[in-house]
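In the order they appear, the protein sequences are chains A and B.
Residue numbers for the first sequence follow UniProt numbering, beginning at 1 and rising by one.
Residue numbers for the second sequence follow UniProt numbering, beginning at 1 and rising by one.
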Amino acid sequence: MNQRERARLVVTCPDCAVRKAIDDVNEAVAFHRRHRAITGHDVEWERAELEGASIPGEDLRSVIAELEARVEGGVPLGLVTVAMGERGMTIGETLDAVRELRMEGKLYEPRDDHLRVT
Amino acid sequence: MTRWNDGTDATASVSPDITDETNALPAKYFTDPAVHEMEQETVFSRYWVYAGHENAIREPGDYFTRTVGDRQVIVVRDKDRGMRAFYNVCAHRGSKMVDDTPMTDPGNANGIRCPYHLWTYELDGDLRSTPRSFEEAGMNPDLEDEDVPRLDPEENGLREVHLDSIGPLLFVNLDDDPMSLAEQAGTLKEELESFPLEDYELARRYVSEVECNWKTFSGNYSECDHCQANHQDWIEGISLSESELVVDDHYWVLHYTHDEGVEAAESLIEGEARFYYFWPNFTLNMYGNADGYGTYIIDPIDEGRFQLIADYYFKDAELSDEEKEFVQLSRKLQEEDFELVERQYEGLKSDALAQAQLGPNEHTVHRLHLLAQEAYDA
Ligand code: FES
Ligand SMILES: [Fe+2]
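The structure is reproduced here in structure tokens:
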């Protein structure tokens, strides 16, 4: 098993057949942004083994509210993409949905790429 | 000679002639964040950098964006079907105007409109129109409407970026007064333009992010001494001993002969693979065993990461099964190389090595290192 396979966090672009192991959930978001800028493709989670049970909640906002109780200083955007990935959304789809909620005033960013519900 | 980081040895310059001395570019130029910063100016803002392929934007108003370092340009086909490039920055108050638009998914617009206050520009960059709030002084009690100065379309237009081409390959230069592309390309221009590159369509783009400095990958691309040990599938059917390396001022070529090529009638080139490296970060890959070609853009993200943008061009954007298989083999080759360069980079990052040495047949890599040193010193 090489280092890439051992990684706990792996994102992939199915169109490019590219996989990338990362250390931090928000790095997936950065990767997605770079990748989308060059290809227009949407990146998704291939593997995200995180500590703790899976997150309850139906819609995006309640998922973020759930996560908020578990982390301090705002929920990393990448973590939200993991939770929504379990619900079948690509990273791009989650980012678009997050943006929409922010524009509606239902979320805010206490710091860059970290979310809280209002 | 090799220079270890043992606290005694300083590094030397890249050897002027690799046949009698073997100094590589000192290791810190691969690992130092300050060097990455410096390269934005000394390399990527001074030389001609590949922007994309003309075939992706055939109609007036078609455009894509290309980001070089932290600067983004819009490459657009204007009303006269000419190609132009502009900074993606509004002349009003500096807003980024169009969204990131990859060449694989180009946009079309009959003018460039800034979403902030709706200043709108012609495809030749001239200011076309501004909303009424910029033409009347309704809110300003000290100014009469007729005293509001008219904005000259040209003086208030977009900032144009130098753009030139080799066949359908578009290059931009962010320098105010660059050397010509023809000068940088030398004989490469004529050589590439002898191929009907414009008859081929972009069929695939694969983008990978790799954990090493961009020059590490560039060096790996430039030699095939590692092929025997690391690309078993590829070297099958290739006569490595008949290979030839040609080095010019800003480019070098690796020639390989396949035991069997593709039919000459439909092929760009039969039986002979040619891998062109064009400083600073562009390659053109002629396969000789497939009727198509590829390009690589080797874009740094930071000192320790780059993205490889691999584009594949074939007669038809719809690939045959054979072509699909070919592209997959090429991807496999990339993965093999990524392993090699990431491993090399891990070693470099450990700081044990102050300066590597090059082999006598690595004169292509030597040229790369020399060009880097030259750019830093200029
Ligand atoms: S900044 Fe572009 S219109 Fe104001
Ligand atoms: Fe992709």
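Ideal Cβ placement from N, Cα and C applies to all residues, glycine included.
Excluding the 5 residues flanking it on each side, GLN228(B) has same chain C-beta neighbours closer than 8 Å at ILE235 and LEU240, in chain order. Proximity of the beta carbon of ARG132(B) to ligand 1 is not indicated: no heavy atom of the ligand is located closer than 8 Å.
Neighbours of GLU209(B) across chain A, judged by C-beta separation under 9 Å: VAL18, LYS20, PHE31, ARG34 and HIS35. With respect to the C-alpha of ILE269(B), the residue from MET286(B), PRO280(B) and GLU260(B) having the closest C-alpha is MET286(B).
Sequence-ordered contacts of the segment 197–208 of chain B with chain A read ARG205, TYR206, VAL207 and SER208 [C-beta pairs closer than 7 Å]. With 5 Å as the limit, the residues whose C-beta approaches any heavy atom of ligand 1 more closely are CYS90(B), HIS92(B), ARG93(B), SER95(B), CYS114(B), TYR116(B), HIS117(B) and TRP119(B), in sequence along the chain.
ASP299(B): member of the beta strand (DSSP E) spanning 292–302, first to last residue. For ASP100(B), the neighbours in chain A by C-beta distance under 9 Å run, in chain order, ARG33, ARG36, ALA37, ILE38 and GLY40. For GLU66(A), the closest of ARG8(A), THR12(A), VAL10(A) and LEU115(A) by C-alpha to C-alpha distance is LEU115(A).
Listed along chain A, the residues sitting closer than 9 Å to THR104(B) by beta-carbon distance are ILE38, THR39, GLY40 and HIS41. DSSP assignment within the UniProt domain "Rieske" (49–172) of chain B yields the following whole beta strand (DSSP E) runs of 3 residues or more, N-terminal first: 49–53, 62–68, 71–77, 83–87, 127–129 and 160–166. Every beta strand (DSSP E) stretch that sits fully inside the UniProt domain "HVO-B0008-like N-terminal" (10–47) of chain A and reaches 3 residues is listed by chain position as 18–22. Within chain A, no C-beta atom comes less than 9 Å from the C-beta of ARG58(B); the nearest is roughly 18 Å away. Going by C-alpha positions, LEU348(B) is about 7 Å away from ALA27(B). With contacts defined by Cβ atoms closer than 9 Å, LEU197(B) and LEU169(B) form a contacting pair. Interface residue (Cβ-Cβ distance to chain A less than 9 Å): ARG71(B) is not classified as such. With respect to the 9 Å criterion, LEU9(A) and ILE64(A) are not classified as neighbours on the basis of their beta carbons.
DSSP, reduced to helix, strand and coil, places ALA375(B) within a helical segment of the structure shown. Look at TYR287(B) here: in three-state DSSP terms it is coil, with no helix or strand label. Between the segment 7–27 of chain A and the segment 177–187 of chain B there are fewer than three C-beta pairs closer than 8 Å, too few to call the two in contact. Listed along the chain, the chain A residues whose CB falls inside 9 Å of the CB of GLN307(B) are ARG34, HIS35 and ILE38. When the beta-carbon positions are compared, PRO153(B) and LEU127(B) come within less than 9 Å of each other. At a cut-off of 9 Å, the C-beta of ILE301(B) has a neighbouring C-beta in chain A. Going by DSSP, LEU329(B) is part of the alpha helix (DSSP H) stretching over 321–349. Secondary structure in the segment 44–91 of chain A: the beta strand (DSSP E) runs of 3 residues or longer, each lying completely within the stretch, are 44–48 in chain order. The secondary-structure analysis by DSSP pairs TRP252(B) across a beta bridge with VAL247(B) and TYR277(B).
Straight-line spacing of the CA atoms in VAL341(B) and ASP302(B) works out to 15 Å. In chain order, ALA17 make up the part of chain A whose C-beta sits under 7 Å from the C-beta of ARG331(B). In the three-state scheme derived from DSSP, where H, G and I count as helix and E and B as strand, ARG111(A) is classed as coil. When secondary structure is reduced to three states using DSSP, VAL262(B) falls in the coil class, being assigned neither helix nor strand. The shortest CA-to-CA distance from TYR47(B) to any of GLU59(B), PHE282(B) and ASP62(B) is the one to PHE282(B).
Contact check for VAL210(B) against PHE338(B) passes: the beta carbons are separated by less than 9 Å. For THR67(B), at least one C-beta of chain A is nearer than 9 Å to its own C-beta.
A distance of 9 Å or more separates the beta carbons of ILE38(A) and GLN355(B).
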